[in-house]
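**Student:** One structure follows; several queries about it will come next.
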Amino acid sequence: MTFLKKLFITKTITIMTKFRPLIIILSAFALSSLNSCDNDDEGNTLSPSLLETQTINELIVKNGSLSSLEAALGVASGDLPGTLSGSEAYTVFAPNNEAFSALASLAGFESSDDMLAEISPELLAKILSYHVVAGESDIADLTDGKSLSAVAGGNLTITSSIDGDNKIVQILDATKVEQTNPVASIKGTLNYGKNGIVHIIDKVLYSQEIITALEIDTRPSILEWATSTEDLSSLVDALKKAGLADTVTGLEESTVLAPNNAAFTNLFSTLGDDYNSLEDFDNAAEIAFLGDILKYHIITSRIESTELTAGPAETALQDSSVDVISEGGSFTFGDASTTNASIVTADIDGRNGFVHIIDKVLVPQTAVDFLANLDSGDIAAVVGRTLELSLLEEALIATDLVETFTDLSNESFVQGADEKDEDFEKRRAPENYTYFNLATVFAPSDAAFIELLDLLGDDYTGIDSFDTEEEKELLKEIIMYHVVPGKTSSADLTAGVLTTASGEDIEVIEVFGTDTFNIGNSRNNVIANIVTPDVAARNGLAHVIDKVLLPENAIIFIRSLDK
């Protein structure tokens with residue numbers, strides 16, 4: 001059991017007699033519908049005349065978004081539900097269900113129900129009473145900079161702004177940390193209850209007494225620091241674009257090397273005319289490329305600048321390390337480029353790690369590779385523009401395999417806010433060879449196909465001679481017999497067996513030096529040489545070979561022609 005959980009169970013805060021009426025006032029938390037100040041309504045809509053005739057308790061029971069508050073009022077010390085018909089006017093900032101869930105998580109509970117089952121009723125009453133202010137304050141009264149006195153003691157500070165037709169109102173509590181405030185936003189307001197005015201908010205507010213009692217860590221998270229720092233606005237936008245904001249929020253004991261806005265401007269300049277802003281990352285491959293860059297800035301341990309040591313530092317990008325370089329008593333960070341990044345602001349101490357603001361966007365090797373292949377096209381395009389592969393192109397068309405080798409992840413679309421956006425996932429479809437699903441193709445040259453056609457006899461004068469469904473399926477099987485999942489360069493080829501996309505194996509029989517290979521099937525004596533290795537494509541590689549490799553079914557078919 002965590003310390004906070006024990007504290008909820010065992011700690012008793014004495015409420016002086018003069019505060020007992022204030023606990024009763026907490027009944028004003030109840031409401032059942034909203035007129036939203038920012039168009040984010042919660043609950044059901046009731047007419048003003050109906051609301052004015054109902055008690056706060058009746059209203060809260062009818063509002064599903066405040067069911068946790070309803071339960072909390074019943075658990076807190078004092079007969080709160082029984083006092084909800086009082087006539088004194090109060091303004092209540094009412095945390096919604098999500099706010100209570102967040103409090104439960106902070107306290108070490110699985111859910112708000114678990115928390116309410118074990119919480120000290122006196123402590124809960126103290127938490128709730130910090131959300132109650134004497135008198136009625138509607139949205140118009142909540143002006144920027146206004147200070148309100150909570151009935152439990154302590155102040156709440158209002159910030160407000162106008163966004164189009166909406167007034168945005170937020171509340172600062174006793175945490176008083178610039179990067180985490182405003183703590184709560186008003187999500188809706190009800191002005192018609194008997195007992196005053198209720199504003200629904202999205203976070204539980206903490207008085208200094210509660211911060212001390214619960215030992216709440218008021219330091220901002222890494223993302224909160226970034227969001228509140230103007231010079232990191234491009235980084236925050238990039239995290240949202242790549243669907244990584246939640247990832248950064250969930251970091252534990254990490255270090256983020258945070259490129260400032262100027263660093264992103266320089267990155268766009270380096271990438272060229274096609275990338276002038278984050279909006280130009282408009283397809284799945286480019287968004288994944290951006291995500292790789294951002295993950296490369298997350299060091300998987302918490303390191304202050306005084307603890308930096310020269311050497312590689314593991315990052316959140318798989319198999320990629322940042323080089324920590326000692327230079328004249330300070331440290332810089334090296335990547336796959338020739339320019340290092342320097343620390344502009346060090347040791348921003350966040351709740352879930354350190355932030356060091358740097359003056360350059362670090363580029364991992366995967367990003368360098370992506371940029372190198374940016375203009376190379378996909379495998380289908382490479383085959384289409386290579387003169388000696390014209391018959392292979394015809395074969396892809398005849399067997400409906402062109403799309404299989406077309407990188408759908410390169411199609412432009414607008415990425416949604418959800419990291420699992422359906423359109424984004426569609427372009428990662430495993431049935432196609434894309435930026436996310438690479439392939440190595442041993443591509444038979446035109447001469448190789450002509451040799452195969454000669455072997456088949458006079459009935460086969462071109463690819464169009466494969467005109468029955470059976471023959472097209474055989475041709476498709478032959479093509480897929482030349483495809484190996486993954487990206488295997490000539491430098492990575494070694495003698496041994498490779499399993500193809502058709503399910504059958506081919507062999508790298510011999511490797512001579514660095515650029516001559518025998519590939520095929522020694523059992524059927526069909527052996528090919530790589531004549532042009534490492535033709536780059538966005539979704540893999542092509543090695544041009546001088547023979548068509550034949551799977552077992554093709555051998556059987558050829559033998560049947562001789563009978």
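Just so we're aligned: 339 in UniProt numbering is position 339 of the sequence shown, and the numbers increase by one with no gaps anywhere. The C-beta atom is built at its ideal place from N, Cα and C for all residues, glycine as well.
#1: Are Ala285 and Asp144 close, meaning C-beta to C-beta below 8 Å?
#2: Taking Gln318 as part of the alpha helix (DSSP H), name the residues at either end of that continuous run.
#3: Using the C-alpha atoms, what's the distance from Pro220 back to Val92?
#4: Below 7 Å CB to CB, which residues in the same chain sit around Glu327 once its five sequence neighbours on both sides are set aside?
#5: Could you spell out the range, first to last residue, of the beta strand (DSSP E) harbouring Gly354?
#6: Are the region 257–276 and the region 375–388 touching, with three or more C-beta to C-beta distances below 8 Å?
#7: Please report how far the alpha carbon of Ala448 lies from the alpha carbon of Asp359, in whole angstroms.
#8: What's the C-alpha gap between Leu278 and Asp237?
#9: List the residues that DSSP assigns as beta-bridge partners of residue 569.
#10: Excluding the 5 residues flanking Ile210 on each side, which residues of the same chain have their C-beta closer than 6 Å to its C-beta?
#11: Does the Cβ of Lys176 have 16 or more other Cβ atoms within 10 Å, making it buried, or fewer, making it exposed?
#12: Please confirm whether Ile545 and Ala443 have their CB atoms less than 8 Å apart.
#13: Expressed to the nearest angstrom, what Euclidean distance is found between the alpha-carbon atoms of Ser67 and Gly188?
#14: If I measure Cβ to Cβ from Asp515 and keep anything under 8 Å in the same chain, skipping five residues before and after, which residues do I get?
#15: Do Pro121 and Ala71 have their C-beta atoms closer together than 8 Å?
#16: What is the residue span of the alpha helix (DSSP H) that Leu80 lies within?
#17: Can you tell me where the alpha helix (DSSP H) holding Val310 begins and where it ends?
#18: Please work out which residues of its chain come closer than 8 Å, Cβ to Cβ, to Ser101, disregarding the five sequence neighbours upstream and downstream, and give them in chain order.
#19: By a C-beta neighbour count over all protein chains shown, 10 Å radius and 16 as the cutoff for buried, is Arg385 buried or exposed?
#20: Given this structure, state the Cα-to-Cα distance separating Glu314 from Ser254, to the nearest angstrom.
#21: Using 8 Å as the threshold, is the C-beta distance between Tyr433 and Thr468 below it?
#22: Taking Asn276 as the reference, give the member of Ser234, Ile303, Arg302 and His297 with the closest Cα.
#23: Going by other Cβ atoms of all chains shown within 10 Å of its Cβ, with 16 needed for buried, is Ala554 buried or exposed?
#24: Report the three-state DSSP secondary structure of Ser233 (helix, strand or coil).
#25: Are Asn195 and Tyr130 touching if we call contact CB-CB under 8 Å?
#26: Report the rounded CA-to-CA distance for Ala242 versus Lys295, giving the unit in angstroms.
#27: From Asn44 to Asn96, what distance separates their C-alpha atoms?
#28: Expressed to the nearest angstrom, what Euclidean distance is found between the alpha-carbon atoms of Asp323 and Gln365?
#29: Give the secondary structure of Ser149 by DSSP, where H, G and I count as helix, E and B as strand, and everything else as coil.
#30: Does any CB atom of chain C fall closer than 8 Å to the CB of Asp217?
#31: Under 7 Å Cβ to Cβ from Arg559, same chain only, skipping five residues before and after it: list those, please.
#32: From this set, Ile479, Val535, Thr488 and Arg538, which residue's C-alpha is nearest Leu550's C-alpha?
#33: Could you give the residue range of the alpha helix (DSSP H) that holds Val382?
#34: Determine whether the beta carbon atoms of Ser337 and Val363 lie at a separation below 8 Å.
#35: Which value, in whole angstroms, describes the spacing of the CA atoms of Leu214 and Leu103?
#36: Hey, how far is the Cα of Glu283 from the Cα of Gly462?
**Tutor:** According to the structure data:
#1: No. Outside cutoff.
#2: Secondary structure note for Gln318: it is in no alpha helix (DSSP H), with a DSSP letter that is neither H nor E.
#3: Taking the straight line from one Cα to the other gives about 26 Å.
#4: Within the same chain, Glu327 has no close Cβ partners at all.
#5: Rather than Gly, the amino acid found at residue 354 in this sequence is Phe. Unbroken beta strand (DSSP E) run through Phe354: Gly353 to Ile358.
#6: Between the region 257–276 and the region 375–388, the count of C-beta pairs closer than 8 Å stays below three; the two stretches do not touch.
#7: Going from the Cα of Ala448 to the Cα of Asp359 covers about 53 Å.
#8: Rounded to whole angstroms, the gap between the alpha carbons of Leu278 and Asp237 is 8 Å.
#9: Residue 569 lies beyond the range of the chain shown here (1 to 563); nothing can be said about it.
#10: Only Ile127 meet the Cβ criterion.
#11: Classification of Lys176: exposed, given that the 10 Å Cβ count is below 16.
#12: It is a contact, given that the beta carbons lie within the stated cut-off.
#13: The alpha-carbon atoms of Ser67 and Gly188 are separated by roughly 16 Å.
#14: Residue confidence is low: Asp515 scores 45 on pLDDT, short of 50, so the model does not pin down where it sits. No coordinate-derived value is stated.
#15: The answer is no: Cβ separation not under 8 Å.
#16: In the DSSP annotation of this structure, Leu80 is not part of any alpha helix (DSSP H), being labelled neither H nor E.
#17: A small fix is needed here, since residue 310 is Ala in this sequence, not Val. Counted as a single uninterrupted DSSP element, the stretch harbouring Ala310 is not any alpha helix (DSSP H), since DSSP gives it neither H nor E.
#18: Closer than 8 Å at the Cβ level, and outside the excluded window around Ser101, lie Ser68, Ser111 and Ser112.
#19: Around the beta-carbon of Arg385, fewer than 16 other beta-carbon atoms lie within 10 Å, marking it exposed.
#20: In a straight line, the C-alpha of Glu314 is about 11 Å away from that of Ser254.
#21: At the C-beta level, Tyr433 and Thr468 stay beyond 8 Å of one another.
#22: Considering only alpha carbons, the answer is Ser234.
#23: Classification of Ala554: buried, given that the 10 Å Cβ count is 16 or more.
#24: Of the three classes helix, strand and coil, the one that applies to Ser233 here is helix, per DSSP.
#25: The beta carbons of Asn195 and Tyr130 sit no closer together than 8 Å.
#26: C-alpha separation (whole angstroms): 10 Å.
#27: Since pLDDT at Asn44 reaches only 38, below the 50 mark, its modelled position is unreliable, and no value is offered.
#28: Asp323 and Gln365 have their alpha carbons spaced roughly 12 Å apart.
#29: Three-state result, Ser149: strand.
#30: Considering every chain present, this structure includes no chain C. It has just one protein chain.
#31: If we look at Arg559 and ignore the five residues flanking it on each side, it has no Cβ neighbours.
#32: If we check each option's Cα against that of Leu550, Ile479 comes out closest.
#33: Per DSSP, Val382 is one residue of the alpha helix (DSSP H) stretching across Ile379 to Arg385.
#34: A contact, by the Cβ cut-off of 8 Å.
#35: Straight-line Cα distance between these residues: approximately 11 Å.
#36: In the sequence under discussion, the amino acid at residue 283 is Asn, which differs from the Glu named in the question. Asn283 and Gly462 have their C-alpha atoms spaced approximately 38 Å apart.
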